[in-house]
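There are 2 protein chains.
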Amino acid sequence: MSYALGIDVGGAKIAASVADSDGKIHHKIKVPTGNAVAQIIEAAHQAVAAASVSWDVITAAGVAIPGIYYAETGQVWAPNIPGWDHIPLRAELEAKLPARVVVDSDRAAYVLGEQWKGIAQGFPDVVFVAVGTGIGAGIITGGKLCRGAGDIAGAIGWFAVDPRKKEIYKQTGCLEAEAAGPAVARRAADLAARVPSRMLEMAGGCLTTITAEMVVEAARQNDEAARQALDQTVAYLAMGLANLVSLLNPQMVVLGGGLMQAGDLLLEPLRREVLEWAQPIAARQVRLELTRLGEDAGLLGAARLALEDHVSG
Amino acid sequence: MSYALGIDVGGAKIAASVADSDGKIHHKIKVPTGNAVAQIIEAAHQAVAAASVSWDVITAAGVAIPGIYYAETGQVWAPNIPGWDHIPLRAELEAKLPARVVVDSDRAAYVLGEQWKGIAQGFPDVVFVAVGTGIGAGIITGGKLCRGAGDIAGAIGWFAVDPRKKEIYKQTGCLEAEAAGPAVARRAADLAARVPSRMLEMAGGCLTTITAEMVVEAARQNDEAARQALDQTVAYLAMGLANLVSLLNPQMVVLGGGLMQAGDLLLEPLRREVLEWAQPIAARQVRLELTRLGEDAGLLGAARLALEDHVSG
Chain E
39 MSYALGIDVG GAKIAASVAD SDGKIHHKIK VPTGNAVAQI IEAAHQAVAA
89 ASVSWDVITA AGVAIPGIYY AETGQVWAPN IPGWDHIPLR AELEAKLPAR
139 VVVDSDRAAY VLGEQWKGIA QGFPDVVFVA VGTGIGAGII TGGKLCRGAG
189 DIAGAIGWFA VDPRKKEIYK QTGCLEAEAA GPAVARRAAD LAARVPSRML
239 EMAGGCLTTI TAEMVVEAAR QNDEAARQAL DQTVAYLAMG LANLVSLLNP
289 QMVVLGGGLM QAGDLLLEPL RREVLEWAQP IAARQVRLEL TRLGEDAGLL
339 GAARLALEDH VSG
Chain G
39 MSYALGIDVG GAKIAASVAD SDGKIHHKIK VPTGNAVAQI IEAAHQAVAA
89 ASVSWDVITA AGVAIPGIYY AETGQVWAPN IPGWDHIPLR AELEAKLPAR
139 VVVDSDRAAY VLGEQWKGIA QGFPDVVFVA VGTGIGAGII TGGKLCRGAG
189 DIAGAIGWFA VDPRKKEIYK QTGCLEAEAA GPAVARRAAD LAARVPSRML
239 EMAGGCLTTI TAEMVVEAAR QNDEAARQAL DQTVAYLAMG LANLVSLLNP
289 QMVVLGGGLM QAGDLLLEPL RREVLEWAQP IAARQVRLEL TRLGEDAGLL
339 GAARLALEDH VSG
């Protein structure tokens with residue numbers, strides 16, 4: 039049995055745990071992100087102590103970061119973490135931790151985690167799609183992580199899915215503007231301004247404080263405006279998923295991220311719409327599923343990166 | 039020096055030539071497709087004879103087909119060649135030719151050819167996009183051909199790029215319906231019905247006989263309706279190319295196929311529009327270029343498949 043440390047760095051918190059080579063997670067630790075490098079080191083030591091193992095048995099530490107990892111320079115760029123503007127994270131951590139360190143993007147970690155121990159177990163062609171405040175994808179094709187020439191492959195929030203250009207498309211990308219959490223809230227506010235909706239009350243009478251979470255809650259209570267806001271979002275999101283299917287012909291697309299808390303409402307409509315848009319053979323071959331690992335996918339993927347450095351190619 | 043036979047099977051003709059390991063083509067042969075298997079064998083023998091080499095020095099024969107090659111079963115499906123509905127082409131050819139045979143899709147051959155000896159030479163992340171009566175892509179990511187779970191990766195004619203569904207999208211895919219050769223002709227006919235255009239005369243007074251070639255010719259003569267038809271097509275095509283750029287972050291996208299005969303008119307507008315739509319870093323990193331190999335890319339790619347069987351891995 040070999041062990042690796044998996045660390046998933048988010049904008050708000052850092053999760054860490056020791057995982058064994060069977061993919062079992064031993065005692066998950068969470069700390070606030072704060073001064074991120076110091077907190078990673080803190081979380082790493084806590085996780086190793088909590089797992090009751092010694093650093094000697096840790097093969098390596100895998101770190102998933104919410105941004106871009108530049109494989110050639112070892113640098114990291116993560117817009118949501120203050121100061122992480124091309125910092126040599128790998129070198130900094132290796133100087134302070136008694137283990138080899140492997141870094142990659144959270145997208146990469148999530149798809150690796152899903153393929154290792156999640157619902158996509160063993161499939162050589164898998165895409166993980168995170169839909170939250172943003173939209174991004176981790177891609178494994180032919181068994182290998184797809185990184186792209188500049189390590190930023192998977193920026194599907196920028197998929198062009200509507201020729202009627204809007205100003206916002208230039209800031210977030212077209213698909214993200216139409217299908218991420220903020221788009222759900224924006225649509226719901228537009229609708230709630232025109233038809234009666236319980237969302238207005240949920241938001242304390244203020245349209246601009248309607249959140250995607252409120253929309254989902256209202257939709258569960260059959261609020262018509264909320265349902266419509268979700269339907270209109272599904273219409274765009276399905277176009278993006280269909281594009282992944284037609285281009286990559288994967289066995290599975292795994293959906294995660296904040297908006298997929300409403301996955302039970304969204305999955306069937308998404309499947310129907312993907313069948314309408316995608317290349318028909320690829321559309322019939324692909325399985326569209328919700329993550330069952332949730333945030334553990336990131337921890338497992340980070341550990342997997344550490345255990346099998348070569349997987350990251 | 040080692041040699042391979044490259045054979046590019048099209049709906050109308052079969053091209054064949056011996057290529058050496060430096061990527062030099064020796065005497066290209068063309069025969070009509072007709073009874074395709076018999077004609078491949080005929081073309082193969084002619085090409086070997088024309089190159090003045092013996093079959094003994096031929097490492098293998100690579101065959102590019104206009105359809106799907108199922109790597110697992112060795113079968114071929116090609117809708118434009120009568121009878122090629124899951125035929126065991128590789129086995130049939132190996133039984134009749136004195137060489138090992140390797141088969142793959144023309145998309146795969148074209149991108150391999152461009153990466154081996156074309157403008158994308160040496161790049162590990164390259165997409166070849168053919169825009170003609172249809173639209174399809176060959177993809178190399180991380181140095182490896184992307185095939186997908188069912189060997190049909192690259193079906194970008196099915197990219198969803200306009201949420202306003204049309205009936206035709208279900209037959210050809212959305213992007214192909216809006217951006218392939220027939221779309222150019224259809225748009226031009228619509229426009230020529232409303233404004234004076236020399237295209238009507240070129241088409242013998244009949245709107246429905248306007249072809250994409252006529253549109254391109256008229257556009258070169260500054261015909262306003264023809265220009266507009268191309269502009270509207272570029273708007274959609276750029277969305278599809280931008281989607282490749284955002285998703286795969288390639289060093290280069292190479293454009294070929296019939297419509298790219300008008301590449302000099304289309305390339306700059308396409309580049310501008312891709313910058314508008316794609317993920318900004320990826321959009322600045324990518325080079326969008328026209329093929330300079332033309333149809334030789336298929337022959338070279340087929341030979342490359344034969345020389346380095348493992349590349350197709």
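Protein chains in written order, with the numbering used here: chain E, 39 to 351; chain G, 39 to 351.
In this text, a Cβ means the ideal position worked out from N, Cα and C, and glycines have one as well.
Please read all numbers here as calculations on a predicted model, not as lab measurements.
What's the gap between the Cα of G:Val-349 and the Cα of E:Tyr-41?
With a pLDDT of 43 at G:Val-349, under the threshold of 50, the predicted position of this residue should be treated as unreliable, and no value is reported.
Contacts of G:Ile-319 in chain E (Cβ-Cβ under 9 Å):
Neighbourhood of G:Ile-319 in chain E, by CB distance below 9 Å: Ile-106, Gly-188, Ile-190 and Ala-193, in chain order.
Does the distance from the C-beta atom of G:Ala-53 to that of G:His-64 stay below 9 Å?
no
Pair every Cβ in the region 214-233 of chain G with every Cβ in the region 252-272 of chain G, then say whether three or more of these pairs are closer than 8 Å.
yes
E:Gly-278 vs G:Ala-198 beta-carbon contact at 9 Å:
yes
Comparing the C-beta of G:Tyr-148 with each C-beta of chain E, is any distance below 9 Å?
no
Could you tell me whether the Cβ of E:Val-199 comes closer than 9 Å to any Cβ of chain G?
yes
Return the first residue and the last residue of the alpha helix (DSSP H) that G:Glu-239 is part of.
236-240
Output the distance between the C-alpha atoms of E:Glu-152 and E:Glu-314, rounded to the nearest integer angstrom.
26 Å
Is G:Val-114 close to chain E, meaning its C-beta is less than 9 Å from at least one C-beta of that chain?
no
Evaluate contact between the region 265-272 of chain E and the region 191-209 of chain E, counting only Cβ atoms and requiring at least three cross-stretch pairs below 8 Å.
no
For the region 113-122 of chain G against the region 315-333 of chain G, are there 3 or more C-beta pairs whose distance is under 8 Å?
no
What first and last residue would you give for the alpha helix (DSSP H) that runs through E:Asp-58?
Here E:Asp-58 belongs to no alpha helix (DSSP H); instead the beta strand (DSSP E) covers 51-58.
What's the C-alpha gap between E:Asp-200 and E:Leu-343?
37 Å
Give a yes or no on whether the minimum CB-CB distance between G:Ala-276 and chain E is below 9 Å.
yes
Can you grab the Cα-Cα spacing for the pair G:Leu-213 / E:Pro-136, in whole Å?
Straight-line Cα distance between these residues: approximately 52 Å.
Quick one: list the residues of chain G neighbouring E:Ala-280, beta-carbon separation under 7 Å, in chain order.
Within 7 Å Cβ-Cβ: Ala-198.
Within the 9 Å Cβ cut-off, does E:Val-69 reach chain G?
no
From the beta carbon of G:Val-167, is the nearest beta carbon of chain E less than 9 Å away?
no
According to the Cβ coordinates, are E:Ile-106 and E:Leu-127 closer than 9 Å?
No, the pair does not count as a contact, with Cβ atoms beyond the cut-off.
N-terminal and C-terminal residue of the beta strand (DSSP E) that G:Gln-113 is part of:
113-115
Count the other CB atoms, across all protein chains shown, that sit within 10 Å of the CB of G:Gly-351; report buried if there are 16 or more and exposed otherwise.
Low local confidence applies: a pLDDT of 39 at G:Gly-351 is under 50, so the model's placement there is unreliable, and no value is given.
Taking 8 Å as the threshold, find out whether the region 140-156 of chain G comes into contact with the region 165-185 of chain G through three or more Cβ pairs.
Under the 8 Å Cβ criterion, the region 140-156 of chain G counts as touching the region 165-185 of chain G, having at least three qualifying pairs.
In whole angstroms, what separates the C-alpha of E:Ile-45 from that of G:Arg-322?
Rounded to whole angstroms, the gap between the alpha carbons of E:Ile-45 and G:Arg-322 is 32 Å.
How about the region 284-298 of chain E and the region 170-182 of chain E: do they share at least three Cβ pairs that are nearer than 8 Å?
yes
If you count every other CB in all the chains shown that lies within 10 Å of the CB of G:Thr-246, and 16 or more means buried, which is it?
It counts as exposed.
Expressed to the nearest angstrom, what Euclidean distance is found between the alpha-carbon atoms of G:Ser-90 and E:Gly-181?
The alpha-carbon atoms of G:Ser-90 and E:Gly-181 are separated by roughly 42 Å.
Any C-beta of chain E sitting closer than 9 Å to the C-beta of G:Met-288?
A quick correction: the sequence has Pro, not Met, at residue 288 of chain G. Chain E, which has a Cβ nearer than 9 Å to the Cβ of G:Pro-288, makes this yes.
For G:Leu-285, which residues from the same chain have a beta carbon less than 6 Å from its beta carbon, with the 5 sequence-adjacent residues on both sides left out?
Closer than 6 Å at the Cβ level, and outside the excluded window around G:Leu-285, lies no residue.
DSSP three-state label for E:Gly-278, please.
helix
Contiguous alpha helix (DSSP H) assignments of at least 4 residues, all confined to the region 101-140 of chain G:
Along the length of the region 101-140 of chain G, whole alpha helix (DSSP H) runs at least 4 residues long occupy 127-134, reported in chain order.
Taking the continuous alpha helix (DSSP H) assigned at G:Ile-190, which residues delimit it?
Per DSSP, G:Ile-190 belongs to no alpha helix (DSSP H) and is neither H nor E.
Return the chain-ordered list of same chain residues with a C-beta closer than 7 Å to the C-beta of E:Asp-142, the five sequence neighbours on each side being excluded.
Ala-102, Tyr-107, Leu-343 and Ser-350
So G:Asp-163 contacts chain E; which residues on that side make the cut at Cβ distance below 7 Å?
Gly-186 and Ala-187
Within 9 Å (strictly less), CB to CB, does E:Glu-314 reach chain G?
yes
Coarse secondary structure for G:Leu-293, derived from DSSP in three states:
strand
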